[in-house]
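Asker: One structure, pasted below without further comment.
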Amino acid sequence: MSHRAGTPGHRNPHRRSLLFCVVRHVCCTIRFIPSRRRSIRGCEVRRRPGGPTLSGEVRDVFDVETERSQLTAMAYRMLGTVADAEDAVQETYARWFRMPEDERAAVRSPGAWLGRTVGRVCLDVLGSARMRREHYVGEWLPEPVPAHSDLVTGSRSGVDPLEVSIRNDAVSTALLLVLEALTPAERVAFVLHDVFDLSFAEIAAAIGRSEAATRQLASSARRHIRQRRARMASREHHDALVRAFAAASLSGDYHAVVRVLAPDVVLHSDGGGAVSAARRPVLGADRVARFLLGLPHLQPGTVLEPVATPDGLGFLARTASGQVHSVWTAGVEGDRVTDVWIVVNPAKLTLWA
């Protein structure tokens, strides 16, 4: 098996936000001459002492743009796809810049304001998303992301390592599906408080509930999350079993596949109606093994590349021509694979191409 790791790519090179255009314009118009420096997302703007200064609006762009990665990570955990997360963040910034400049200047913590607002936007999106998913062709799965993507690591510095672990777990397929089963308000309250450490007062303002009610929402979500996390195997144990599962699937040996599967294993695949995939869960070791061995892309020449995902070890399936076909991840309990998730929908594979 190949050991090349998947690397995130650009989702859409033609996507240009208003903020990006403003920053680009500033970079092109400010004189780059030796003197004091101000960092603008990797490039340095040098200004002459006593020379032209940045307007309040342009400074505002620089200040709030630093929150983009954090906001997108928040939105992804609440919505489950990169496109929806990016759209929610764009709407959040649009609301910020629609405010009069004096109102923006009165905001003590722009980061907290943006966090509350992205939560409010996501709450609105989640209500309509449930209706859209009722008409989704086949099963809906969260979009898989590489383990080192900004969507996973977009947390602020200075966070306790245990909290970082919890944040990373919150983008695993298993826990995103648990979040999917919660009410929209529970999901927003849990992500903003337990994952990104916003106060209950801030979250209450975002979702239109009392602070006490918001605490109850987060507590209810936390119970569901803890029940799932308690059953999850250690990362080392998980990866060893998933590696054996992938090898058995490629071998074509039915009995080898069944040996690594739990009797009540469930396989979910997401083709989004764009490509062939099982439209309902495949239940039981026998049916899952037969389904896997019957997949047309698991033919001679197929490569399952080991890749790091928030679930642990996963595999990127490439056809003989090198085309990315799907991302495989799995859930493990005890000594068996209990869940298999295969995302085939091309719209959810752009970070792996």
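Position 271, counted from 1, in the sequence shown is what full-length UniProt numbering calls 271; the numbers after and before it change by one each time, with no gaps.
Glycine residues also receive a C-beta, built at the ideal position from the N, C-alpha and C atoms.
Please state whether the Cβ-Cβ distance between residue 271 and residue 137 is less than 9 Å.
Answerer: Against a cut-off of 9 Å, the Cβ pair of residue 137 and residue 271 comes out as a contact.
Asker: Run through the segment 178-225 for me and flag every whole alpha helix (DSSP H) of 4 or more residues, listed as ranges in chain order.
Answerer: Here the runs fully enclosed are 184-190, 200-207.
Asker: Taking DSSP's pairing of strands, which residues face residue 341 in a bridge?
Answerer: Residue 341 is bridged to 268, 329.
Asker: Helix, strand or coil, according to DSSP, for residue 317 in the structure here?
Answerer: Residue state, collapsed to three classes: strand.
Asker: For residue 115, count the other beta carbons within 10 Å of its own beta carbon; 16 or more makes it buried, fewer makes it exposed. Which is it?
Answerer: Residue 115 comes out buried.
Asker: Would residue 105 be called buried (16 or more neighbouring beta carbons within 10 Å of its own) or exposed?
Answerer: Its Cβ having fewer than 16 others within 10 Å, residue 105 is exposed.
Asker: When the Cα atoms are used, what is the spatial distance from residue 256 to residue 222?
Answerer: Distance between the alpha carbons of residue 256 and residue 222: 37 Å.
Asker: Look at the alpha carbon of residue 259 and the alpha carbon of residue 174, and state the distance between them as a whole number of angstroms.
Answerer: Looking at the two C-alpha atoms, the distance is approximately 22 Å.
Asker: Rounded C-beta distance between residue 125 and residue 79? I'm assuming under 8 Å.
Answerer: Contact flag correct, Cβ pair sits at about 6 Å.
Asker: By DSSP, does residue 120 sit in helix, in strand, or in coil?
Answerer: If DSSP states are grouped into helix, strand and coil, residue 120 belongs with the helices.
Asker: In three-state terms, what does DSSP make of residue 245?
Answerer: If DSSP states are grouped into helix, strand and coil, residue 245 belongs with the helices.
Asker: Is there contact here, the segment 232-245 with the segment 328-336, by at least three beta-carbon pairs under 8 Å?
Answerer: In short, these stretches touch, since the Cβ pair count reaches three.
Asker: Say whether the segment 87-94 touches the segment 70-77, bearing in mind that this needs 3 or more beta-carbon pairs closer than 8 Å, one atom from each stretch.
Answerer: They touch, by the three-pair rule.
Asker: What does the Cβ neighbour count give for residue 311, buried or exposed, with the cut at 16 atoms within 10 Å?
Answerer: Buried: at least 16 other Cβ atoms inside 10 Å.
Asker: As a quick exercise: from 226, 200, 227, 224, pick the residue whose alpha carbon is nearest that of residue 214.
Answerer: Per the Cα distances, 200.
Asker: For residue 144, which of helix, strand or coil comes out of DSSP?
Answerer: Coil.
Asker: Taking the alpha carbon of residue 149 as the point to measure from, which residue in 171, 121, 325 has its own alpha carbon closest?
Answerer: For residue 149, the nearest C-alpha among the options comes from 171.
Asker: Would you mind stating whether residue 67 and residue 127 have Cβ atoms separated by less than 9 Å?
Answerer: No; because the gap between Cβ atoms is not below 9 Å, this pair is not in contact.
Asker: Residue 336 bridges to which residues according to DSSP?
Answerer: Partner(s): 333.
Asker: Classify residue 295 as helix, strand or coil using the three-state DSSP reduction.
Answerer: Coil, per DSSP.
Asker: Below 7 Å CB to CB, which residues in the same chain sit around residue 326 once its five sequence neighbours on both sides are set aside?
Answerer: Result list for residue 326: 317, 342, 343, 344, in chain order.
Asker: What separation, rounded to the nearest whole angstrom, lies between the Cα atoms of residue 191 and residue 300?
Answerer: Rounded to the nearest angstrom, the two C-alpha atoms are 43 Å apart.
Asker: So, helix, strand or coil for residue 72, using DSSP?
Answerer: In the structure shown, residue 72 sits in a helix (DSSP, three-state: H, G or I).
Asker: Applying the criterion that 16 or more other CB atoms from any shown protein chain within 10 Å of the CB defines a buried residue, is residue 108 buried or exposed?
Answerer: Answer is exposed; the Cβ neighbour count stays below 16.
Asker: Going by C-alpha to C-alpha distance, which of 288, 142, 176, 65 sits closest to residue 264?
Answerer: For residue 264, the nearest C-alpha among the options comes from 288.
Asker: Between the alpha carbons of residue 328 and residue 202, how many angstroms are there, rounded?
Answerer: One C-alpha to the other measures close to 37 Å.
Asker: Looking only at C-alpha atoms, which of 133, 139, 88, 142 sits nearest to residue 117?
Answerer: Of 133, 139, 88, 142, the residue nearest in Cα terms is 88.
Asker: According to the neighbour-count rule (16 or more other Cβ atoms, all chains shown, within 10 Å of its Cβ), is residue 249 buried or exposed?
Answerer: It is buried - the Cβ of residue 249 has at least 16 other Cβ atoms within 10 Å.
Asker: When we look at the beta-carbon of residue 283 and count the other beta-carbons within 10 Å, is it buried (16 or more) or exposed?
Answerer: Classification for residue 283: exposed.
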